[in-house]
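Shown next, in structure tokens, is the structure this report addresses.
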Amino acid sequence: MNSPASDVILSAHDVAKSFTTQAGSLQLFTDINLQIRQGESVAIIGPSGAGKSTLLSLLAGLDLASAGRIEIAGQATDQLNEQERARLRSNHISFVFQTFHLLPELSARENVLLPLEIRGASDATAKADSWLQQVGLGARLHHHPSELSGGEQQRVAIARAFASEPDLLFADEPTGNLDEHTGEAIIDKLFLLNAEQNTTLVLITHDNQLAQRCDRCLRLHNGELVELQELDV
């Protein structure tokens with residue numbers, strides 16, 4: 154059954170991406186189509202080099218497709234200039250990366266606070282502290298990334314991502330630098346917050362067990378994006 158158009162937060166229509174190399178033009182993919190509804194969790198899996206992170210960059214408006222159209226919250230990214238795309242991301246999107254992307258000179262609180270202040274959020278400090286408490290770091294507000302474990306740093310990144318109340322959260326291999334036990338705890342928190350906030354989660358992963366936890370799973374392989382009905386683990 155097709156969803157009402159108003160429910161679709163992210164869509165791609167006949168999207169292609171190519172690069173120019175010394176050997177000539179490299180076509181990464183040519184005909185990517187998808188629709189993702191508000192509140193869904195969607196995993197994108199595929200072999201290394203298939204273009205998963207490149208596709209994430211396109212879907213998040215960080216890069217532009219070579220052809221086709223991507224719409225975020227009803228806005229076509231190719232119709233916006235760089236400043237307008239940055240504003241679109243600020244208003245609708247947050248990220249969690251494998252390498253955390255925390256600013257080393259800032260404390261945990263300041264890392265979460267920064268995007269809130271950029272957006273001009275009211276009670277920004279109280280919101281930052283509240284989110285750090287929700288991820289179990291209420292006692293670590295003033296610690297810098299170098300004073301935190303990998304799992305703690307990723308929890309700061311999750312608090313930062315959810316604090317701005319995004320419509321879309323992109324997570325690119327969010328447990329890739331964590332041990333198995335810590336990674337499971339991080340993912341549990343990610344899915345819990347996702348459900349509580351009705352945030353749309355787009356997850357890039359090589360972990361089939363993690364992908365199974367999502368509402369839908371798509372495989373990118375040989376330039377094609379195919380929805381899987383079942384996933385081997």
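Numbering (this note's numbering), first residue to last: 154 to 386.
By construction, the Cβ of each residue, glycine as well, lies at the ideal position given by its N, Cα and C atoms.
Where residue i sits in the DSSP three-state scheme
i, result
"Thr183", "strand"
"Ala158", "Residue placement at Ala158 cannot be trusted, given a pLDDT of 49 that sits under 50; what the coordinates show is reported in the next sentence. Looking at Ala158 - three-state DSSP - the assignment turns out to be helix."
"Leu322", "strand"
"Asp167", "strand"
"Arg366", "coil"
"Thr328", "coil"
"Leu354", "strand"
Separation of residue j from residue i, as counted between CA atoms
i, j, result
"Gly289", "Asp276", "20 Å"
"Ala203", "Leu181", "8 Å"
"Leu356", "Ala196", "5 Å"
"Glu349", "Thr173", "43 Å"
"Gly221", "His295", "45 Å"
"Asn361", "Arg372", "11 Å"
"Glu263", "Ser317", "14 Å"
"Ala312", "Ala176", "43 Å"
"Glu383", "Ile189", "19 Å"
"Phe315", "Leu208", "22 Å"
Identity of the residues DSSP links to residue i by a beta bridge
i, result
"His374", "Glu377"
"Arg308", "DSSP, once it has assigned bridges, lists no residue as partnering Arg308."
"Glu224", "Ser164, Ala229"
"Arg190", "Val161"
"Gly177", "Thr174"
"Ile387", "What is shown of the chain runs 154 to 386, which leaves residue 387 out entirely."
Contacts around residue i, its chain only, beta-carbon distance under 7 Å, and the 5 residues preceding and following it disregarded
i, result
"Glu305", "Leu290, Arg293"
"Leu205", "The displayed chain sequence assigns Lys, not Leu, to residue 205. Here the set comprises Ile197, Gly199, Ile357, Leu373."
Own chain, CB closer than 8 Å to residue i, minus 5 neighbours either side, in chain order
i, result
"Phe344", "Ser194, Leu354, Arg366"
"His166", "Asn186, Gly221, Arg222, Ile223, Glu224"
Spatial neighbours of residue i in its chain, beta-carbon cut-off 6 Å, leaving aside the 5 residues before and after
i, result
"Asp216", "Ser210"
For this session: Within the segment 238-301, note down every full alpha helix (DSSP H) run reaching 4 residues or more, in order along the chain.
Result: 261-271, 277-287
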